[in-house]
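Worksheet: the structure to be examined is printed underneath.
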Amino acid sequence: MSEDKSPTDKVDHGRCLCGAVTFTVVGEPIYNVVCHCENCRRHGGSTLHCASIFPKKVSSLPPHHPASFYYNFSSHYTHYTSADHTIIRQQYTLHTGAESITTYEDRATQSGQPLSRAFCKICGSKVYSTTPLNKDIVSLPAGVLDGVVTQWAPHKEQFCDVRCDWVPELGDGIKERFRKGPTGSKVDGLTSKV
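Using this note's numbering, read the sequence shown as starting at 263 and increasing by one per residue.
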(Lines of atoms letter the chains of each structure in order from A and count residues from 1; the text may use other names and numbers.)
(Lines give C-alpha, C1' and ligand atoms only; values in the text may rest on other atoms or scores of the structure.)
Protein backbone atom coordinates (compact mmCIF):
# COMPACT_ATOMS: atom_id res chain seq x y z
CA MET A 1 0.00 0.00 0.00
CA SER A 2 1.40 3.38 -0.95
CA GLU A 3 0.67 6.56 1.00
CA ASP A 4 2.06 8.82 -1.74
CA LYS A 5 -0.29 11.45 -3.03
CA SER A 6 -0.66 12.66 -6.57
CA PRO A 7 0.49 16.26 -7.16
CA THR A 8 -3.12 17.14 -8.02
CA ASP A 9 -4.60 15.77 -4.79
CA LYS A 10 -6.04 18.34 -2.39
CA VAL A 11 -4.77 17.84 1.17
CA ASP A 12 -6.68 19.22 4.14
CA HIS A 13 -5.46 19.17 7.71
CA GLY A 14 -7.71 18.88 10.72
CA ARG A 15 -7.48 18.87 14.48
CA CYS A 16 -9.48 18.94 17.65
CA LEU A 17 -9.77 22.10 19.76
CA CYS A 18 -6.77 21.33 22.01
CA GLY A 19 -4.63 20.01 19.14
CA ALA A 20 -4.03 16.57 20.65
CA VAL A 21 -5.78 14.85 17.70
CA THR A 22 -4.45 15.77 14.25
CA PHE A 23 -5.15 14.23 10.87
CA THR A 24 -5.03 14.81 7.13
CA VAL A 25 -7.56 13.96 4.48
CA VAL A 26 -6.59 13.72 0.81
CA GLY A 27 -8.92 14.55 -2.07
CA GLU A 28 -12.52 15.68 -2.23
CA PRO A 29 -15.38 14.36 -0.10
CA ILE A 30 -18.01 12.08 -1.60
CA TYR A 31 -20.50 14.69 -0.38
CA ASN A 32 -21.12 17.28 2.35
CA VAL A 33 -24.23 16.93 4.49
CA VAL A 34 -26.26 18.91 7.01
CA CYS A 35 -28.08 16.70 9.50
CA HIS A 36 -30.95 17.89 11.70
CA CYS A 37 -31.51 14.64 13.66
CA GLU A 38 -31.85 14.72 17.43
CA ASN A 39 -28.75 12.58 18.04
CA CYS A 40 -26.48 14.85 15.98
CA ARG A 41 -27.95 17.90 17.72
CA ARG A 42 -27.33 16.42 21.16
CA HIS A 43 -23.87 15.12 20.25
CA GLY A 44 -22.75 18.48 18.92
CA GLY A 45 -24.69 20.78 21.21
CA SER A 46 -26.12 22.70 18.26
CA THR A 47 -29.30 22.74 16.17
CA LEU A 48 -27.65 20.99 13.22
CA HIS A 49 -24.53 19.07 12.26
CA CYS A 50 -22.33 19.77 9.21
CA ALA A 51 -20.10 16.93 8.00
CA SER A 52 -18.02 15.84 5.03
CA ILE A 53 -18.21 12.18 4.02
CA PHE A 54 -14.92 10.77 2.74
CA PRO A 55 -13.86 7.32 1.61
CA LYS A 56 -11.28 5.91 4.04
CA LYS A 57 -9.08 4.77 1.15
CA VAL A 58 -8.56 5.83 -2.44
CA SER A 59 -6.61 4.30 -5.26
CA SER A 60 -3.93 6.18 -7.11
CA LEU A 61 -1.17 5.74 -9.63
CA PRO A 62 2.27 7.29 -9.79
CA PRO A 63 2.33 10.77 -11.43
CA HIS A 64 2.27 10.80 -15.26
CA HIS A 65 0.97 7.23 -15.42
CA PRO A 66 -1.62 6.57 -18.16
CA ALA A 67 -4.76 5.30 -16.52
CA SER A 68 -8.50 5.21 -16.63
CA PHE A 69 -10.67 6.50 -13.80
CA TYR A 70 -13.93 5.38 -12.27
CA TYR A 71 -15.77 5.79 -9.00
CA ASN A 72 -17.37 2.74 -7.46
CA PHE A 73 -20.42 3.91 -5.51
CA SER A 74 -20.96 0.56 -3.81
CA SER A 75 -17.48 0.49 -2.27
CA HIS A 76 -16.90 4.26 -2.08
CA TYR A 77 -13.43 3.79 -3.54
CA THR A 78 -12.02 5.85 -6.34
CA HIS A 79 -10.15 3.57 -8.73
CA TYR A 80 -7.38 4.48 -11.11
CA THR A 81 -6.65 1.42 -13.20
CA SER A 82 -3.88 0.57 -15.61
CA ALA A 83 -2.61 -2.53 -17.31
CA ASP A 84 -0.06 -3.20 -14.61
CA HIS A 85 -1.31 -2.06 -11.20
CA THR A 86 -3.56 -0.07 -8.91
CA ILE A 87 -2.22 1.45 -5.70
CA ILE A 88 -4.58 1.74 -2.75
CA ARG A 89 -3.74 4.40 -0.17
CA GLN A 90 -5.37 5.93 2.85
CA GLN A 91 -7.45 9.03 2.24
CA TYR A 92 -7.98 9.72 5.95
CA THR A 93 -4.85 9.49 8.10
CA LEU A 94 -4.74 10.04 11.86
CA HIS A 95 -1.33 11.55 12.73
CA THR A 96 -1.46 12.20 16.47
CA GLY A 97 -3.78 11.61 19.36
CA ALA A 98 -5.03 8.04 18.94
CA GLU A 99 -4.67 7.67 22.72
CA SER A 100 -6.80 10.82 23.20
CA ILE A 101 -9.77 9.53 21.22
CA THR A 102 -12.81 8.09 22.97
CA THR A 103 -15.73 6.60 21.08
CA TYR A 104 -19.41 6.64 21.96
CA GLU A 105 -21.39 3.83 20.33
CA ASP A 106 -24.65 5.52 19.33
CA ARG A 107 -27.10 2.67 18.70
CA ALA A 108 -30.40 4.52 19.25
CA THR A 109 -30.30 6.68 16.11
CA GLN A 110 -33.40 7.91 14.30
CA SER A 111 -32.13 6.35 11.07
CA GLY A 112 -31.60 2.98 12.72
CA GLN A 113 -27.96 3.00 11.58
CA PRO A 114 -25.53 2.68 14.49
CA LEU A 115 -22.75 5.26 14.62
CA SER A 116 -19.38 5.25 16.36
CA ARG A 117 -18.93 8.89 17.36
CA ALA A 118 -15.27 9.61 18.13
CA PHE A 119 -14.22 12.63 20.14
CA CYS A 120 -11.14 13.95 21.93
CA LYS A 121 -11.32 12.97 25.59
CA ILE A 122 -9.23 16.02 26.53
CA CYS A 123 -11.23 18.86 24.93
CA GLY A 124 -14.43 17.06 23.84
CA SER A 125 -14.19 17.98 20.14
CA LYS A 126 -15.95 15.64 17.73
CA VAL A 127 -13.25 14.26 15.41
CA TYR A 128 -15.01 11.66 13.23
CA SER A 129 -17.88 9.20 12.98
CA THR A 130 -18.08 5.78 11.36
CA THR A 131 -20.80 3.18 10.89
CA PRO A 132 -20.46 -0.61 10.77
CA LEU A 133 -23.00 -0.57 7.93
CA ASN A 134 -20.39 1.02 5.63
CA LYS A 135 -16.85 0.53 6.91
CA ASP A 136 -15.37 2.25 3.84
CA ILE A 137 -16.41 5.80 4.78
CA VAL A 138 -15.58 8.29 7.51
CA SER A 139 -17.67 11.33 8.45
CA LEU A 140 -15.64 14.39 9.46
CA PRO A 141 -17.28 17.36 11.19
CA ALA A 142 -16.74 20.39 8.95
CA GLY A 143 -15.51 22.49 11.87
CA VAL A 144 -12.42 20.36 12.56
CA LEU A 145 -10.99 20.86 9.06
CA ASP A 146 -8.48 23.75 8.97
CA GLY A 147 -9.61 26.57 6.70
CA VAL A 148 -12.31 24.49 5.01
CA VAL A 149 -15.34 25.95 6.78
CA THR A 150 -15.26 29.20 4.80
CA GLN A 151 -15.47 27.22 1.55
CA TRP A 152 -17.67 24.36 2.80
CA ALA A 153 -21.09 24.00 1.20
CA PRO A 154 -23.63 21.20 1.69
CA HIS A 155 -24.78 18.84 -1.07
CA LYS A 156 -27.36 16.97 1.01
CA GLU A 157 -29.69 17.77 3.87
CA GLN A 158 -31.24 15.06 6.04
CA PHE A 159 -33.88 14.80 8.75
CA CYS A 160 -35.66 17.82 7.28
CA ASP A 161 -38.82 16.71 9.13
CA VAL A 162 -37.21 17.76 12.43
CA ARG A 163 -35.29 20.83 11.25
CA CYS A 164 -35.80 23.72 13.70
CA ASP A 165 -38.46 26.12 12.41
CA TRP A 166 -36.14 29.11 12.70
CA VAL A 167 -33.39 27.46 10.61
CA PRO A 168 -33.80 28.70 7.03
CA GLU A 169 -34.00 26.25 4.17
CA LEU A 170 -30.57 25.67 2.72
CA GLY A 171 -30.26 26.99 -0.80
CA ASP A 172 -27.62 26.79 -3.51
CA GLY A 173 -25.75 23.54 -3.86
CA ILE A 174 -28.29 21.22 -2.23
CA LYS A 175 -28.77 18.23 -4.53
CA GLU A 176 -30.89 16.04 -2.24
CA ARG A 177 -33.12 16.54 0.79
CA PHE A 178 -34.36 13.65 2.91
CA ARG A 179 -37.30 13.69 5.31
CA LYS A 180 -35.42 11.27 7.54
CA GLY A 181 -32.00 9.69 6.99
CA PRO A 182 -30.18 9.24 3.69
CA THR A 183 -31.91 5.93 3.00
CA GLY A 184 -35.41 7.37 3.55
CA SER A 185 -37.81 9.25 1.34
CA LYS A 186 -36.66 12.40 -0.39
CA VAL A 187 -38.35 15.75 0.00
CA ASP A 188 -40.35 16.52 -3.15
CA GLY A 189 -38.76 19.51 -4.83
CA LEU A 190 -35.74 21.22 -3.41
CA THR A 191 -37.35 24.56 -2.69
CA SER A 192 -40.13 23.74 -0.25
CA LYS A 193 -39.68 23.20 3.48
CA VAL A 194 -41.22 19.99 4.71
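Cβ atoms here follow ideal geometry from the backbone N, Cα and C, with glycine treated the same way.
### Query
Should Q420 and K388 be called a contact, given that it needs their Cβ atoms to be closer than 9 Å?
Here the question's residue 420 lines up with position 158 in the sequence shown. Here the question's residue 388 lines up with position 126 in the sequence shown. For Q420 and K388, no; Cβs fall outside 9 Å.
#### Entry: Sequence-distant residues of the same chain with beta carbon closer than 6 Å to V410, five excluded per side
By 1-based counting over the sequence shown, the position of residue 410 is 148. Taken in chain order, the residues that qualify are D274.
### Task
Starting from the Cα of K397, find the closest Cα among K319, L310, V449 and give me that residue.
Walking along the sequence shown from the start, residue 397 turns up at place 135. Among K319, L310, V449, the Cα nearest to that of K397 is on K319.
### Task
Write down the C-beta distance between L402 and G276 rounded to the nearest angstrom, noting that I regard them as a contact closer than 8 Å.
As a first step, residue 402 must be located in the sequence shown, where it is residue number 140. As a first step, residue 276 must be located in the sequence shown, where it is residue number 14. With a Cβ gap of about 7 Å, L402 and G276 count as contacting.
### Buried/exposed call for G374, threshold 16 Cβ in 10 Å
The residue given as residue 374 occupies position 112 in the sequence shown. The residue is exposed, with fewer than 16 neighbouring Cβ atoms inside 10 Å.
### Query
So is Q413 buried or exposed if we call it buried at 16+ other beta carbons inside 10 Å?
Here the question's residue 413 lines up with position 151 in the sequence shown. Q413 should be labelled exposed.
### Query
Out of curiosity, what's the CA-to-CA distance linking D434 and H417?
In the sequence shown, counting from the first residue as 1, residue 434 sits at position 172. In the sequence shown, counting from the first residue as 1, residue 417 sits at position 155. D434 and H417: Cα-Cα distance of roughly 9 Å.
### Task
Express the C-alpha separation of I399 and I349 in angstroms, rounding to a whole number.
Reading the sequence shown from its first residue, position 87 is the one you call residue 349. Reading the sequence shown from its first residue, position 137 is the one you call residue 399. Any reading at I349 must be qualified, since the residue scores a pLDDT of 45, below 50, and its modelled position is unreliable; the value itself is stated next. If I take the Cα positions, the gap works out to 18 Å.
### Query
Taking the Cβ atom as the reference point for each residue, do N294 and S308 lie within a distance shorter than 9 Å?
As a working mapping, residue 294 is identified with position 32 in the sequence shown. As a working mapping, residue 308 is identified with position 46 in the sequence shown. For N294 and S308, no; Cβs fall outside 9 Å.
### Task
Given a cut-off of 9 Å, decide if L356 and T284 are closer than it, judged by their beta-carbon atoms.
Taking the sequence shown and counting its residues from 1, one reaches residue 284 at position 22. Taking the sequence shown and counting its residues from 1, one reaches residue 356 at position 94. Yes, they are a contact pair.
### Query
Alpha carbon to alpha carbon, how far is C426 from K437?
Here residue 426 refers to the residue found at position 164 when the sequence shown is read from its first residue. Here residue 437 refers to the residue found at position 175 when the sequence shown is read from its first residue. Taking the straight line joining both Cα atoms gives about 20 Å.
### Query
Beta carbon of A370, beta carbon of N301: below 9 Å?
Against the sequence shown, residue 370 aligns to sequence position 108. Against the sequence shown, residue 301 aligns to sequence position 39. Against a cut-off of 9 Å, the Cβ pair of N301 and A370 comes out as a contact.
#### Entry: Test item: CB-CB of S391 and C278 under 9 Å
In the sequence shown, the residue the question calls residue 391 occupies position 129. In the sequence shown, the residue the question calls residue 278 occupies position 16. Result no, Cβ atoms of S391 and C278 do not sit closer than 9 Å.
### Message
Rounded to whole angstroms, what is the Cα-Cα separation between T286 and A404?
### Response
By 1-based counting over the sequence shown, the position of residue 286 is 24. By 1-based counting over the sequence shown, the position of residue 404 is 142. So the two alpha carbons sit approximately 13 Å from each other.
#### Entry: N-terminal and C-terminal residue of the beta strand (DSSP E) that G276 is part of
Here residue 276 refers to the residue found at position 14 of the sequence shown. Looking at the DSSP string, the run of the beta strand (DSSP E) that includes G276 is 273-277.
### Task
Quick one: give me the first and last residue of the beta strand (DSSP E) that H305 is part of.
Here residue 305 is taken as the residue at index 43 of the sequence shown, counted from 1. Careful: H305 lies outside any beta strand (DSSP E), inside the alpha helix (DSSP H) at 300-306.
### Euclidean distance between Cα positions of C422 and T358
Start at 1 with the first residue of the sequence shown, and residue 422 comes out as number 160. Start at 1 with the first residue of the sequence shown, and residue 358 comes out as number 96. Roughly 36 Å between the two C-alpha positions.
### Reference P317, options G306, D271, Y354, P444, closest by Cα
Residue numbering aside, residue 317 sits at position 55 when the sequence shown is read from its first letter. Nearest C-alpha to P317: Y354.
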